[in-house]
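Reading through the structure tokens given below for one structure.
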Amino acid sequence: METTTGPKGLTRRQLLSRATAAGASFMVGAGFIAAPNGAWAIETIHLTPETFATLTQMARDIYPHDKVGDEFYVAAIKGYDSADAAKGIEAGISALNAAAEGKGFDSYLAVGWERDRVDILRGMEDSAFFQQIRGGLVTGLYNQKAVWPIFGYEGSSFEFGGYIDRGFDDINWL
Amino acid sequence: MTAPFDLSDDSVVVIIGTGAGGGVLANELAQKGVSVVALEAGGRYLPQDYVNDEWESFGQLAWTDARTTSGDWRVAKDFSGLPAWIVKAVGGTTTHWAGASLRFQDHEWKAATTYGNVQGANLLDWPIDPREMDDYYTKAEDKLGVTRTGGRPGLPGNNNYKVFEAGAKALGYKTIHTGNMAITSDDGGDRQMCQQTGFCFQGCKWGAKWSSAYTDIPEGEATGNLEVRERAHVARILHNEAGKVTGVEYFDADGSLQMQKARVVCVAGNSFESPRMLLNSASSMFPDGLANTSGQVGRNYMRHMTGSVYATFEEPVRMWRGTTMAGIIQDEARHDPSRGFVGGYELETLALGLPFMAAFLDPGSWGREFTTALDSYENMAGMWIVGEDMPQETNRVTLNYDVTDQHGLPVANVNFSDHPNDVAMRNHAYQQGVAVYEAVGATRVMPTPPYPSTHNLGTNRMSANARDGVVNAHGQTHDIANLFVSDGSQFTTGAAENPTLTIVALAIRQADFIAGELSRGNI
Ligand SMILES: Cc1cc2nc3c(=O)[nH]c(=O)nc-3n(C[C@H](O)[C@H](O)[C@H](O)COP(=O)(O)OP(=O)(O)OC[C@H]3O[C@@H](n4cnc5c(N)ncnc54)[C@H](O)[C@@H]3O)c2cc1C
Ligand code: SF4
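For the protein sequence lines, the chains are G and W, in the order given. Per this note's numbering, the very first residue in the first sequence carries number 1; after that it's consecutive. Per this note's numbering, the very first residue in the second sequence carries number 1001; after that it's consecutive.
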């Protein structure tokens, strides 16, 4: 999701100049969120950018893979930026922020350590909201073809003639 | 008469379902000159239609009509609407299956006698002598082209197998090989040789793996004696005042109700739908459902004692490359109560792609404990456990009147809880599976819970005595002479082996019986 011109036709530099940091991982502006280095950006329509940024962080904290960039988590959850889903998501994220405040933090995104965020999530893991987000990620994240190579998974093989001549038995360390 | 047949033709044998049981029976009868109408709820998909993509293939082929669950099995919590992973398509679950094709061991035909009284288990001997099955097993192996039988060579071992084999040998196991697989291992036959594509569960695009969809079904159709009506969902089986079945009502592709007359009806809808159809056919003459004077329709549901073991290593394995299940350790399949349970189990190689691994490795779990396992996906090896589970009367399929399907019919509720023998056997198998991988340097092992059931058995079981079961030794219902059960639901007990070879052997045997009874005028 590398963008030279971001939402609203802005360049990376313009984009970042109109945004403020939300937590360590995101920049948030009017109607959009972006990576701190501007590597990707996405407009939100129904969700506030702060909510979307928080949801992205929550998604990563549920299924953290250090080699998987934020853009894949964004892709996994962007369907929630819809008229139907937005109300429930805003409510869920408010509850998440309230739980963070209850533990003495300003907001979920303001929590510095993953360990502390996971602690907050554990406290709400039986909620319908948490289960909705977690359940959706199982396919939303792991069924993205673009994510597979990061895990080494090679996907469809028929068009390459299977693995009969491509290493089905090439193990060499046994 | 040649196919297609008229709705009012009451000389035909109607077969419901075209999977391992129904598809084979349809072809076998057609080859003998019997007129057959096979009604199949799903559509027709052939190798060119299959896709090398786990979820997309699931969407294309799997049975996703509503079902409900209860009982203490974990599937009821994690996959409450999906008790089984089976197929709705011409060819049934033989499109998805992996091809492992094993004969029962002799003692497994006589579980009650061999295991004695197991508390809480509703054990019974099959009313079949194992020697009666020898020729039928040979016929089934020849039909399916099973490797390491009839002079057919074994498949080559893939990476996942090599890890498994090395661990098994280090542990001292003796019977270890690349399996008896219904997958073509040489260039000789009608089917193409396995190209090690690694998507056996998604339908084999080379047609190397046997499926009734592209073997028995077209062979039967070529005789002119078989008509397969696809997207025909049977609602109920009809009978007359004499208590004989006379035809079936089904919803056609447009959702209109049709009635096909029949001389004989054979039910082969797999172990949820077959009892559901019999129960849904209740009438004033048969208030508890057809063929249910024993009260056993829907009971004794078995799913095999299963589970998986995955392990990660320091170096890559790339288990997804090559045949999904071509690897077996058979040393634990014996009956040896000194291990703390009756019956035995097989260990078989198994690979899932990343998308299914994420869904099935530890359903519901999250956080780094889970994700670090997937981070090592490339270095992972896997095996599946399949062992004999105990039939229990309370593990059963019933009608759930609170939930209806797209045709307004009550859906099947599947209630299942493990028997203590199942739990003891699973724990033993986990321990042995873990030991196999630790013997070759596993850095982490994961005893993984059972998936939604792929093997579904026992819900219309076979018994010598009409009091104890639904069908006799030929799959003919005790109550109604022209009503048969032709799928895995007729299993008296499950044995340790994957069931399909036995389902096919029984279907070949049943075809001989039905053709004989028809010509003798008995049905
Ligand atoms: C992923 C996977 C891997 C497997 N691997 C193996 C293996 O390696 N070895 C092995 O032995 N077994 C394996 N199995 C199991 C094997 O596929 C089944 O045991 C076998 O196909 C069952 O045969 P059946 O005739 O009972 O039912 P199916 O093959 O399921 O056929 C039933 C058919 O009936 C149709 N039907 C149901 N209800 C109706 C209705 N009301 N009207 C009309 N049609 C209806 C269904 O659509 C279906 O097509 C595997 C299964 C799965 C899912
Ligand atoms: S591995 Fe072999 S049997 Fe399995 S899908 Fe590929 S070609 Fe077919």
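The beta carbon of each residue, even a glycine, is placed where N, CA and C say it ideally should be. Please read all numbers here as calculations on a predicted model, not as lab measurements.
Against chain G, the CB of Val1445 of chain W has no partner CB under 8 angstroms away; the residue lies outside that interface. Chain W places a beta carbon closer than 8 angstroms to that of Val138 of chain G, counting this residue as a contact.
The secondary-structure analysis by DSSP pairs Asn172 of chain G with nothing; it has no beta-bridge partner. Neighbours of Asp1375 of chain W across chain G, judged by C-beta separation under 7 angstroms: His65. In the displayed model, Gln1258 of chain W falls within a strand according to three-state DSSP.
Contact check for Tyr1301 of chain W and Val1414 of chain W: beta-carbon distance about 7 angstroms, within the 8 angstroms limit, so the pair qualifies. In the structure shown, the three-state DSSP call for Pro36 of chain G is coil. Taking the Cα of Arg1461 of chain W as reference, the smallest distance to any Cα among W:Pro1391, W:Ala1429 and W:Trp1063 is reached at W:Pro1391. With distances taken between CA atoms, Phe1199 of chain W lies nearest to W:Asp1053 out of W:Asp1053, W:Glu1369 and W:Trp1384. Just measuring C-alpha positions, the residue of W:Pro1420, W:Leu1354 and W:Asp1468 sitting nearest Thr139 of chain G is W:Leu1354.
Counting only Cβ-Cβ distances below 9 angstroms, Ala1166 of chain W has contacts in chain G at Leu174, in chain order.
The beta carbon of Gly1298 of chain W is closer than 7 angstroms to those of Pro1275, Leu1279, Arg1396, Val1397, Thr1398 and Thr1459 in its chain, skipping five residues each way along the sequence. Per DSSP, the continuous alpha helix (DSSP H) segment holding Phe151 of chain G begins and ends at Trp148 to Phe151. About 16 angstroms separates the beta carbon of Ala1442 of chain W from that of Ala1351 of chain W, a gap too long to meet the 8 angstroms contact definition. Nearest Cα to Val147 of chain G within the set G:Ala99, G:Phe130 and G:Asp70: G:Asp70.
Residue environment for Ile45 of chain G: exposed (fewer than 16 other C-beta atoms within 10 angstroms of its C-beta). One thing to note: Gly1224 of chain W has its Cβ no nearer than 8 angstroms to the Cβ of Thr1018 of chain W. The C-alpha of Tyr1136 of chain W lies about 11 angstroms from the C-alpha of Ala1511 of chain W. Around Ala1208 of chain W, the same chain offers Ile1183, Thr1184, Arg1191, Gln1192, Met1193, Cys1194 and Gln1195 as residues with beta carbons nearer than 8 angstroms, after the five sequence neighbours per side are excluded. Summarising the contact set, residues whose Cβ lies nearer than 7 angstroms to any heavy atom of ligand 2 are, in chain order, G:Gly162, W:Gly1099, W:Ile1183, W:Cys1194, W:Gln1195, W:Gln1196, W:Thr1197, W:Gly1198, W:Phe1199, W:Cys1200, W:Cys1204, W:Lys1205, W:Trp1206, W:Ala1208, W:Lys1209, W:Gly1322, W:Thr1323 and W:Thr1324.
For Asn1160 of chain W, no beta strand (DSSP E) segment is defined; the enclosing uninterrupted segment is the alpha helix (DSSP H) at Asn1159 to Leu1171. When secondary structure is reduced to three states using DSSP, Asn1379 of chain W falls in the helix class. Residues are counted here when their Cβ sits less than 7 angstroms from a Cβ of chain G; for the region 1338 to 1360 of chain W these are Gly1353, Leu1354, Pro1355, Ala1358 and Ala1359, given in chain order. For the C-beta of Ser82 of chain G, not a single chain W residue is nearer than 8 angstroms; the gap to the nearest is close to 21 angstroms. Contact of Tyr163 of chain G with chain W is assigned, a C-beta pair being separated by under 8 angstroms.
Taken in chain order, the complete alpha helix (DSSP H) segments of 4 residues or longer contained in the region 1013 to 1073 of chain W are 1020 to 1031 and 1054 to 1061. Inclusion of Lys1088 of chain W in the 7 angstroms shell around ligand 1 follows from its C-beta lying nearer than that to a non-hydrogen atom of the ligand. Tyr1345 of chain W: member of the beta strand (DSSP E) spanning Tyr1345 to Thr1349, first to last residue. In the DSSP assignment, Ser1274 of chain W falls outside any beta strand (DSSP E) and within the unbroken alpha helix (DSSP H) covering Asn1270 to Asn1280.
Under the criterion of beta carbons closer than 8 angstroms, Trp1126 of chain W and Thr1492 of chain W qualify as touching, at roughly 4 angstroms. Taking a cut-off of 8 angstroms on C-beta distances, the region 1108 to 1127 of chain W touches the region 1375 to 1395 of chain W, as three or more cross pairs fall below it. Closest in C-alpha terms to Val74 of chain G, from the list G:Ile89, G:Gln57, G:Ile150 and G:Glu90, comes G:Gln57.
About 6 angstroms separates the beta carbons of Leu1290 of chain W and Ile1237 of chain W, which is inside the 8 angstroms limit, making them a contact pair.
Taking the Cβ of Trp1320 of chain W as the reference point, every heavy atom of ligand 1 lies at 7 angstroms or farther away.
Using a C-beta cut-off of 8 angstroms, the region 1091 to 1098 of chain W makes contact with the region 1007 to 1025 of chain W, since at least three inter-stretch Cβ pairs fall below that distance. With a cut-off of 7 angstroms, the C-beta of Leu1347 of chain W is classified as distant from ligand 1, since no heavy atom of the ligand falls inside that distance.
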